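Peer 1:
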Amino acid sequence: ENEDLSDVEEIANIRGFSVEEKLVSDSYNADFVHTMDGKDFTYEYVQKEALRTPLIFKEKGELGIRMPDPEFT
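Remember, the numbering used here sits 774 above the position in the sequence shown when you count from 1.
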């Protein structure tokens, strides 16, 4: 096993967090992010909003992108 890789994985596990947990936590303001439908994420939206607010898409189907297989490394 590559020793460097295991160190990176260990660090990622320590620093990892759940977005869902942050959004329901009293320590964070859920209004900081904007939840939207993929169909509304258009070139015009990006031009108008300039991506000033982090976005959350509940469904990826309407984004017009394909995600890699979860097993992809």
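Note that beta-carbon positions come from the ideal geometry of N, C-alpha and C, so glycine has one too. Note that the structure is predicted; figures quoted are calculated from it, not measured.
1. What is the DSSP secondary structure of Phe806, counted as helix, strand or coil?
2. What three-state label does DSSP hand Leu855 in the structure shown?
3. Suppose contacts are defined by Cβ-Cβ distances below 8 Å. Is Lys832 in contact with Met841 by that definition?
4. Alpha helix (DSSP H) containing Glu833: first to last residue?
5. Once you ignore the five residues that flank Glu775 on each side, which residues in its own chain have a CB closer than 8 Å to its CB?
Peer 2: The answer reads as follows:
1. Taking the sequence shown and counting its residues from 1, one reaches residue 806 at position 32. In the structure shown, Phe806 sits in a helix (DSSP, three-state: H, G or I).
2. Any question about residue 855 goes unanswered here, given that the chain covers just 775 to 847.
3. As a working mapping, residue 832 is identified with position 58 in the sequence shown. As a working mapping, residue 841 is identified with position 67 in the sequence shown. No.
4. Your numbering for residue 833 matches position 59 in the sequence shown. Element bounds for Glu833: n/a, residue is neither H nor E.
5. As a position in the sequence shown, residue 775 is number 1, starting the count at 1. Reliability fails at Glu775, whose pLDDT of 47 lies under 50, so the model's placement of it is uncertain and the value that follows must be treated cautiously. Around Glu775: no qualifying Cβ.
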